[in-house]
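Just so it is clear: in the sequence shown, position 164 is 164 by UniProt numbering, and no numbers are missing. Written below as structure tokens is the structure these notes are about.
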Amino acid sequence: MHSLPSPRFISVRVARDAADDAEAESSDSLLGSNDGEKTWSDMTARVSSTDSRTRLWTAVMTARSLLDTALLLIIVGLLFERGWDKQKHPSPAFEFTGDITGFAPQLSQQIKSFVPDSAFIPENGSEFFTEAVHQKWLGIVPKGLGYVRMNDTAGYNNLPTPLKSHPNSTFTTSMTHQLHCLHSISGALAAYSSNQLSFLPSDGPWHLSHCLEYLRQSIMCCGDMALEGQQTTFPPGFDGSDGWDAKHVCKDYSQILSHLEDKRADDEVWI
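Rendered as structure tokens:
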């Protein structure tokens, strides 16, 4: 008949079994159960999916950057082409008091103050009809008086109707027309003031009326807004502004004369 184990042995065995169970639980906790293995797989799948989306987003952003760069280069190229074309063929419509046909070149500008010169319109009206005064006026107009011949009218825009009295698409220019009108008005004024009515224009008063109206609109078109101050040349008892101290933005007149003479329709010298 076997004897039962002593209570001391049982306690030791129970303690050892408890330790083994704790170790097993610890191993399960560290290594993970089947459910833990499934969770790790899920995490790996999610990371892989995130990496795929990241790569796709990176590819999309790279393609967009390339597209943006290409579009920017195209825009810059078009702007450069337009700028180059304008440099080769500048639009005259944007030049103040300029020409819209393409005939006039770009002209330099100067800051100038007007200086009185009585040699053009003497106070003694009879002197206006002298050769000296006549030559003075001829000295400020180009040979041909601004009448120009356009050999290739297809290369210009908005050309007016050519002059019927001249051949081969001939036109005149506004500035020389204005000077011609001013000279005609000055001559009529001198003829009346000196009582030399034989010097009045033979074409009648319509010409002077035309010139006055033409100059009125020309002055308004130019719209010179230079500021003027106190007069310094008026006779005693007269006050106001004589305009001689103002500074004006002017085109280089020598360039104007040179261009009109280069394009002149004939060599006639007159005003």
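Positions of the beta carbon are idealized from the N, C-alpha and C atoms, including for glycine.
- Apart from the 5 residues on each side of it in sequence, G125 sits with its Cβ closer than 6 Å to the Cβ of A190, S193 and S194 in its chain, given in chain order.
- For C222 against K112, the beta-carbon gap comes to about 14 Å, at or over 8 Å, which does not count as contact.
- Each of Q217, A246, M225 and M220 was checked against the Cα of Q231, and the nearest Cα belongs to A246.
- Here S241 really is in contact with E228; their C-beta atoms are around 4 Å apart, less than 8 Å.
- If you draw a straight line from the Cα of L145 to the Cα of D68, it is about 57 Å long.
- Excluding the 5 residues flanking it on each side, V148 has same chain C-beta neighbours closer than 8 Å at F103, T170, F171, T172, T173, L260, K263, R264 and A265, in chain order.
- Here C250 is bridged, per DSSP, to Q110.
- The closest CA to that of L163, considering only M150, I256, A154 and G155, is found on M150.
- K143 sits close to D267, with the two beta carbons spaced by under 9 Å.
- As DSSP reads the structure, F171 sits in a beta bridge with V148.
- Spanning the alpha carbons of T50 and L56 requires a straight line of approximately 10 Å.
- Non-local C-beta neighbours of W270 in its own chain, meaning closer than 7 Å and more than five positions away in sequence, comprise L145, ordered along the chain.
- G237 counts as exposed, since fewer than 16 other beta carbons sit within 10 angstroms of its beta carbon.
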